[in-house]
Each structure stands twice: as structure tokens, then as C-alpha cells.
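*Asks:* Sequences listed follow chains F and V, in order.
Counting from 46, one number per residue, gives the positions in the first sequence under the working numbering.
Counting from 34, one number per residue, gives the positions in the second sequence under the working numbering.
Pasting a structure here, questions to come.
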Amino acid sequence: MNKPITHVARPRRAIPGENVEIALLSEMVVALLGEVSILTERLDTVERLLDQGGLVTRTAIETFDPDQDARAERDARRVRQIRKVFRPLRHAVEREA
Amino acid sequence: MSGATGKGTIMPSQVHAMMAEPSHDERAEQYFVRDLKIQLLEMGRAQETHVKSIVGPVTENTPFDEIRNQVFQDDIYRAWVGFRRLSQEMLWDAIGSSVDRQLDALRERARIAAPRGSLTLDADFVPPAYLRDVDVHLMPGGYHADAGEDDIRQGAIMDRGGAVYLLGRNGGLMNDGRGHALVSHVFDRAAQFQPARTLEMGCGVGASAVACAGYFPEAENWGIDVGASILRYAHARAEHLGITVHFAQRNAEATRFPDAHFDLVYSCAVLHETSDEAVRAIVTEAHRVLRPGGMMVHLEVPSRIEEGDVWGRLQGEFESEYNNENYWHGASTSDYARLVERCGFQDVMVGYQSSRAKAERGNRGFSLISSGAFACWFVVSGVK
Numbered sequence: 046m047n048k049p050i051t052h053v054a055r056p057r058r059a060i061p062g063e064n065v066e067i068a069l070l071s072e073m074v075v076a077l078l079g080e081v082s083i084l085t086e087r088l089d090t091v092e093r094l095l096d097q098g099g100l101v102t103r104t105a106i107e108t109f110d111p112d113q114d115a116r117a118e119r120d121a122r123r124v125r126q127i128r129k130v131f132r133p134l135r136h137a138v139e140r141e142a
Numbered sequence: 034m035s036g037a038t039g040k041g042t043i044m045p046s047q048v049h050a051m052m053a054e055p056s057h058d059e060r061a062e063q064y065f066v067r068d069l070k071i072q073l074l075e076m077g078r079a080q081e082t083h084v085k086s087i088v089g090p091v092t093e094n095t096p097f098d099e100i101r102n103q104v105f106q107d108d109i110y111r112a113w114v115g116f117r118r119l120s121q122e123m124l125w126d127a128i129g130s131s132v133d134r135q136l137d138a139l140r141e142r143a144r145i146a147a148p149r150g151s152l153t154l155d156a157d158f159v160p161p162a163y164l165r166d167v168d169v170h171l172m173p174g175g176y177h178a179d180a181g182e183d184d185i186r187q188g189a190i191m192d193r194g195g196a197v198y199l200l201g202r203n204g205g206l207m208n209d210g211r212g213h214a215l216v217s218h219v220f221d222r223a224a225q226f227q228p229a230r231t232l233e234m235g236c237g238v239g240a241s242a243v244a245c246a247g248y249f250p251e252a253e254n255w256g257i258d259v260g261a262s263i264l265r266y267a268h269a270r271a272e273h274l275g276i277t278v279h280f281a282q283r284n285a286e287a288t289r290f291p292d293a294h295f296d297l298v299y300s301c302a303v304l305h306e307t308s309d310e311a312v313r314a315i316v317t318e319a320h321r322v323l324r325p326g327g328m329m330v331h332l333e334v335p336s337r338i339e340e341g342d343v344w345g346r347l348q349g350e351f352e353s354e355y356n357n358e359n360y361w362h363g364a365s366t367s368d369y370a371r372l373v374e375r376c377g378f379q380d381v382m383v384g385y386q387s388s389r390a391k392a393e394r395g396n397r398g399f400s401l402i403s404s405g406a407f408a409c410w411f412v413v414s415g416v417k
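Next up, the structure:
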């Protein structure tokens, strides 16, 4: 009784009152934010490799292991980007709270 | 821009050989999902205040549906619920594509030439409806999707995804915090406990079973679950970690083990994914397979929902409706002491067990007061 491999979780229950078109658009915006976050991290890796004066190869990027300070800076930048994009929701909640 | 490396260059993870190792960009994506989840959770405090202002005074007689309808008319709450569900969907999407890139290498590593433990699958196994029809945690395919033969995809996704989902708070990438908390409770109850046989019901990728077996290497340690892919992965994972565990595809409600066979029967955060009837059946089955004097321990999520707790109830509703955790509300409100006593258990303990990096004999981490999620686990235990 195998269940086939799938990329879609079931059930996906409706959120009462949700406008599906707006929801889909919002989800695509967040997906784009995710891509920006990945791109930013990759750029940071390239910059750090350049700072070290080494060759910036794909292997060097893949095997790059940031130290604790670099990790903290990357974490802070990622959180800042998320907070920037989610500011409208966060402020809407805080305004009403 | 490509984070993917060629198949020939896939390096094993330093955590253990079965853990899917992300490429540079996949790791960045996983960090993004983790931090998105944290940011959304941090909005919860203001959201709670906001919701209370929408709902107004609630009495014991206010029907929950009425409260729910009021709250879901609010654009801000609704949007927050949608984004939280999205973050979970993005999690599995990110982990799934990373696992798929290295699936051949993982499958190769899952071939164990001379295993210490064992794996017993049942081609005719039928999972209970609450797991067959619901993909728990929104993980596509749930616990039992399986491509057959040597497939381990679902297990690889569950293991890596679990660590990101729980924000690393269940023992980091080992996902074994619950296993250590479980044994802490066992030692709290019986400092010299030495089982001959143990059984984990709903073992998943075997993270807790491996942790438990590490404390009792002389025992015959078993883990059962519903999915072949997850169990194949669990078997390979345990073998690579050098721990002997026997995995079998069985139903916790009817395990088919002999009567009075085990000294310890346990589960880790499984009950809230089942049903009211199933919890009774699981406790009854635990009693049947335990020897007289044997111990049953169930760990659960530590969020208890009290009467009149509107926010707790709404968050419970989120978990069951939009994170597909079937029985969250029931499991968070059940009178466990009464239930397990009715099933024949004695010396019943119901409370919270502190999380420990390592269990120690004689530790006293049990409390009647919760210290919060991941700092402790709700626990119900008894002796046959």
C-alpha cells in the first residue's frame, strides 16, 4: 500500500475569507524574497573570498565555511531583509495590538 | 548561478552519512526559511494582543466556532496564518529539492553490507486513516510515501527538514533532544533501570530510538512506524551511527509483538498526530506488550490548552487545520492520568520533563510546571 512520492501536501484546508489570488501573489513575493536572500548570501561569499585574495571558483564558493563573525553578519543581514519585506504586516499587527 | 554540484562531488555530511548535505545556496535557502519562521513567530505576541481586542470578553459558554469566525474576519490575523503556513510549505520545498539533487548518493550510502540491527518491511501494510489521509506537518507524502525498492527520500526529507522545522531546538541536526529527555524521565523514575527490550512507537527516522539505544546498548531496541521509505532511512542512519536498532513497519495500535515482551515502551511527540480513539488504542497496546513492572513513557508537546484560553485554542487550531497535526487540541487537553490509569497503569506521572543534552541516572528533571517549548516536554508515564 505505497503512497506515491508527491510534492504537494494534502489536505490543504481553506483559510476562511482568504482571497486566493492575493494569497498566491503574496506567496510568490515571499518566494522572490527567498531568492534575494540566497543571492545576497552568495554575493557575500564571493566578497569574502575576494577579501582573502584567493581564487573565486565554484568549488571555493561551495566549500566556503564562514567564521563565527561572518555567520553573525550574514544572519543579521538575512533577518534585516525579511523584516524589511514583512514590515507592512508587522506594523499592521503592532498598530492594532 | 548554480548551487548544485555534480553527483561525483557530493560529500557526506559531518553529522552522519545519511544526512542530506546542502550546497551553498541550499543552505542559504534553509537559513532563510528558518529565519522567516522565527520572524513570523515573533509577531505572535502582538498578534495575541490584537486578537484579544477583536474577540472581547469570553466566557466558558462562548462557542469556539463563534470566536474563530470573528478572528478570521480580521485581515491581519488571516494574513499571518497564511504566511505561517507558507513558511512550512517553503521548508519542505527547499529540503525536497536539496535531497533530490543527492538522492542517488544517499541511496548508495543506505546500502549496509553487514548491519548490526535489522529492517522488517510489510508490503501489505495499511497505515491508519489519520496518517493515510493527512500529510502531517504539511510534509508532502506524509510519513508513508514510498517509491519502493531502495527508496529513502521521505526519510531524508523528514530528517533534514525536522531540524530546520524545529529551528534546531530538538538536538540540532541530530534531532535527538526528545530521546535524551525521554531517557531522563526514565532515570528520574528509576535510576537503575536496565531494560532487556525497548520499543519506540512512531519512531520516524529513528532519532530518539538511536538516542535511547545509546543508553541501553545491551538491550534489544525496536522502533516501529508506518512508512517503508522512512524506515529504510532510519535503519541506514542508525547503522552509520554505529547503534543497533531493529526497525519494523507496524501500527502502534496493533504492533503484533507478543504479550509482556518489552520493559520500556515509549513515543516522542506522536500522540497529537493520531486521534482520540488511537491514543486509547496505543496506550492499551503499550500495556499489552509490556511485562509486569515495565514502564510506558509518552512525550508530548508542552503546550497545554486550558479552558477559556482563546489564544492557546487558536494556536492549537492552526496546528491541526493548517499544519495538519490531526489531534493537537485533543492531545493538549486530554486527562492523561485518567486515561492511562483506566488502561491499567500504576504510579502514573503527568507533568513536564526538562530537556537535557545527556540523560544521567538519578537526575531529577521532572516538574509539574512547564518551562516552555523545547526547554521541556510534556510527559505521561506509568508502570504496568
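All C-beta atoms, glycine included, are put in the ideal place defined by N, C-alpha and C.
Do you know how far the Cα of F/S82 is from the Cα of F/G98?
*Replies:* For this step, residue 98 of chain F is matched to residue 53 along the first sequence. For this step, residue 82 of chain F is matched to residue 37 along the first sequence. Their Cα atoms are separated by approximately 25 Å.
*Asks:* Using DSSP with H/G/I as helix, E/B as strand and the rest coil, what is V/F226?
*Replies:* Position 193 of the second sequence, counted from the first residue, corresponds to residue 226 of chain V. In this structure, V/F226 counts as coil in the three-state DSSP scheme.
*Asks:* Going by DSSP, name the residue or residues bridged to V/M207.
*Replies:* Within the second sequence, numbered from 1, the residue matching residue 207 of chain V stands at position 174. Paired residues: none, contrary to the question.
*Asks:* Starting from V/L297 and walking both ways along the alpha helix (DSSP H), at which residues does that stretch end?
*Replies:* Taking the first residue of the second sequence as position 1, residue 297 of chain V is located at position 264. No alpha helix (DSSP H) holds V/L297; the beta strand (DSSP E) holding it covers F295 to C301.
*Asks:* For the ligand ADP, is there a heavy atom less than 7 Å away from the beta-carbon of F/T102?
*Replies:* Among the components of this structure there are no ligands whatsoever, and the ligand ADP is therefore not found.
*Asks:* Going by Cα to Cα distance, which pick from V/Y369, V/S367, V/S414 and V/V373 is closest to V/A386?
*Replies:* If you number the second sequence from 1, residue 386 of chain V lands on position 353. The identity of residue 386 of chain V in the sequence shown is Gln, whereas the question assumes Ala. If we check each option's Cα against that of V/Q386, V/S414 comes out closest.
*Asks:* In chain V, which residues lie with their C-beta within 9 Å of the C-beta of F/L135?
*Replies:* Position 90 of the first sequence holds residue 135 of chain F. A quick correction: the sequence has Arg, not Leu, at residue 135 of chain F. Going along chain V in sequence order, the residues near F/R135 (Cβ under 9 Å) are Q72, E75, M76 and A79.
*Asks:* Going by CA-CA distance only, name the one from V/I128, V/D309 and V/G89 that's closest to V/A364.
*Replies:* Counting from 1 along the second sequence, the entry for residue 364 of chain V is found at position 331. Closest option to V/A364, Cα to Cα, is V/D309.
*Asks:* On the CB-based measure, 16 or more other CB atoms within 10 Å of its CB, does V/T92 come out buried or exposed?
*Replies:* Indexing the second sequence from 1 puts residue 92 of chain V at position 59. Exposed is the call here.
*Asks:* Whole angstroms is fine: what's the gap from F/R125's alpha carbon to V/A408's?
*Replies:* On the first sequence, residue 125 of chain F is found 80 positions in, with the first residue counted as 1. On the second sequence, residue 408 of chain V is found 375 positions in, with the first residue counted as 1. One C-alpha to the other measures close to 27 Å.
*Asks:* Under three-state DSSP, which class holds V/A146?
*Replies:* Residue numbering aside, residue 146 of chain V sits at position 113 when the second sequence is read from its first letter. Of the three classes helix, strand and coil, the one that applies to V/A146 here is coil, per DSSP.
*Asks:* Please identify the residue among V/K417, V/N203, V/V330 and V/A162 whose C-alpha is closest to the C-alpha of V/N359.
*Replies:* The sequence position of residue 359 of chain V within the second sequence is 326, counting from 1. Selected option, being the one with the closest Cα: V/A162.
*Asks:* In the structure shown, what three-state DSSP assignment does V/L200 receive?
*Replies:* The residue given as residue 200 of chain V occupies position 167 in the second sequence. Looking at V/L200 - three-state DSSP - the assignment turns out to be coil, as it is neither helix nor strand.
*Asks:* Near V/G39, what residues of its chain come up, given a Cβ to Cβ distance below 8 Å and the 5 sequence neighbours on each side ignored?
*Replies:* Within the second sequence, the letter at position 6 stands for residue 39 of chain V. In this predicted model, V/G39 has a pLDDT of only 43, less than 50, meaning its place in the structure is not dependable enough to derive any value.
*Asks:* Does any residue of chain V have a CB that is nearer than 8 Å to the CB of F/A68?
*Replies:* Residue 68 of chain F sits at position 23 when you count from the first residue of the first sequence. It does; some Cβ of chain V falls within 8 Å.
*Asks:* Check V/H49 in the structure and name its three-state DSSP category.
*Replies:* To locate residue 49 of chain V, count along the second sequence from 1; it is residue 16. Three-state DSSP puts V/H49 in coil, outside helix and strand.
*Asks:* For F/P56, decide whether its Cβ has a neighbour in chain V, counting only Cβ atoms nearer than 8 Å.
*Replies:* Along the first sequence, read from residue 1 onward, the residue named residue 56 of chain F stands at position 11. Yes - at least one Cβ of chain V is within 8 Å of the one on F/P56.
*Asks:* Tell me the DSSP secondary structure of V/Q63 in three-state form.
*Replies:* Here residue 63 of chain V refers to the residue found at position 30 of the second sequence. In this structure, V/Q63 counts as helix in the three-state DSSP scheme.
*Asks:* Residues in its own chain within less than 7 Å of V/I185 by CB, not counting five upstream and five downstream?
*Replies:* Locating residue 185 of chain V in the second sequence gives position 152, counting from the first residue. Correct list, in chain order: L139, R140, A143, S262, R265, Y266 and A269.
*Asks:* Tell me where the alpha helix (DSSP H) around F/E80 begins and ends.
*Replies:* Within the first sequence, residue 80 of chain F is the residue found at index 35, counting from 1. Start and end: V65 to D96.
*Asks:* Under 7 Å between beta-carbons, which chain V residues line up against F/E72? List them in chain order, please.
*Replies:* Residue numbering aside, residue 72 of chain F sits at position 27 when the first sequence is read from its first letter. Chain V residues near F/E72: L119.
*Asks:* Between V/G349 and V/Y176, what straight-line distance do the alpha-carbon atoms span, to the nearest angstrom?
*Replies:* For the purposes of this step, residue 349 of chain V is taken as residue 316 along the second sequence, with counting starting at 1. For the purposes of this step, residue 176 of chain V is taken as residue 143 along the second sequence, with counting starting at 1. Cα to Cα, the separation comes out at about 21 Å.
*Asks:* Work out the CA separation of V/N396 and V/A224 for me, nearest whole Å.
*Replies:* As a first step, residue 224 of chain V is located in the second sequence; it is residue number 191 there, counting from the start. As a first step, residue 396 of chain V is located in the second sequence; it is residue number 363 there, counting from the start. Near 8 Å, if we compare the C-alpha coordinates of V/N396 and V/A224.
*Asks:* Let me make sure I understand the geometry here. Which of V/A50, V/N357, V/Y355 and V/D368 has the alpha-carbon closest to that of V/R338?
*Replies:* On the second sequence, residue 338 of chain V is found 305 positions in, with the first residue counted as 1. According to the sequence as given, residue 338 of chain V is Ile; it is not Arg. Closest by alpha carbon: V/D368.
*Asks:* Would you tell me roughly how many angstroms separate the C-alpha atoms of V/V410 and V/D183, rounded to the nearest one?
*Replies:* As a working note, residue 410 of chain V is residue 377 in the second sequence. As a working note, residue 183 of chain V is residue 150 in the second sequence. Sequence inspection shows Trp at residue 410 of chain V; the Val mentioned does not correspond to that position. Going by the C-alpha atoms only, they are around 34 Å apart.
*Asks:* Which residue marks the beginning of the beta strand (DSSP E) containing V/D380, and which one marks its end?
*Replies:* In the second sequence, counting from the first residue as 1, residue 380 of chain V sits at position 347. V/D380 -> beta strand (DSSP E) spans Q379 to S387.
*Asks:* What are the start and end residues of each continuous beta strand (DSSP E) run of 3 or more residues lying completely inside the segment 328-401 of chain V, in chain order?
*Replies:* Fully enclosed beta strand (DSSP E) runs of 3 or longer: 379-387.
*Asks:* Kindly say whether F/P61, judged by its beta-carbon, lies nearer than 8 Å to any beta-carbon of chain V.
*Replies:* Counting from one through the first sequence, the residue named residue 61 of chain F turns up at place 16. F/P61 counts as touching chain V.
*Asks:* Applying a beta-carbon distance threshold of less than 7 Å, which residues of chain V neighbour F/S123?
*Replies:* Within the first sequence, residue 123 of chain F is the residue found at index 78, counting from 1. Per the sequence shown, residue 123 of chain F should be read as Arg rather than Ser. Going along chain V in sequence order, the residues near F/R123 (Cβ under 7 Å) are Y64, F65 and D68.
*Asks:* Just the C-alpha distance for V/V48 and V/L206, rounded to the nearest angstrom, thanks.
*Replies:* Indexing the second sequence from 1 puts residue 48 of chain V at position 15. Indexing the second sequence from 1 puts residue 206 of chain V at position 173. Cα-Cα distance, rounded: 7 Å.
*Asks:* Going by other Cβ atoms of all chains shown within 10 Å of its Cβ, with 16 needed for buried, is V/S120 buried or exposed?
*Replies:* Walking along the second sequence from the start, residue 120 of chain V turns up at place 87. It counts as buried.
*Asks:* Expressed to the nearest angstrom, what Euclidean distance is found between the alpha-carbon atoms of V/P45 and V/M51?
*Replies:* The count along the second sequence starts at 1 and reaches residue 45 of chain V at position 12. The count along the second sequence starts at 1 and reaches residue 51 of chain V at position 18. Cα-Cα distance, rounded: 7 Å.
*Asks:* How many whole angstroms separate the CB atoms of V/A112 and F/L134, which I take to be in contact at a CB cut-off of 8 Å?
*Replies:* For this step, residue 112 of chain V is matched to residue 79 along the second sequence. For this step, residue 134 of chain F is matched to residue 89 along the first sequence. So it is a contact: roughly 6 Å between Cβ atoms.
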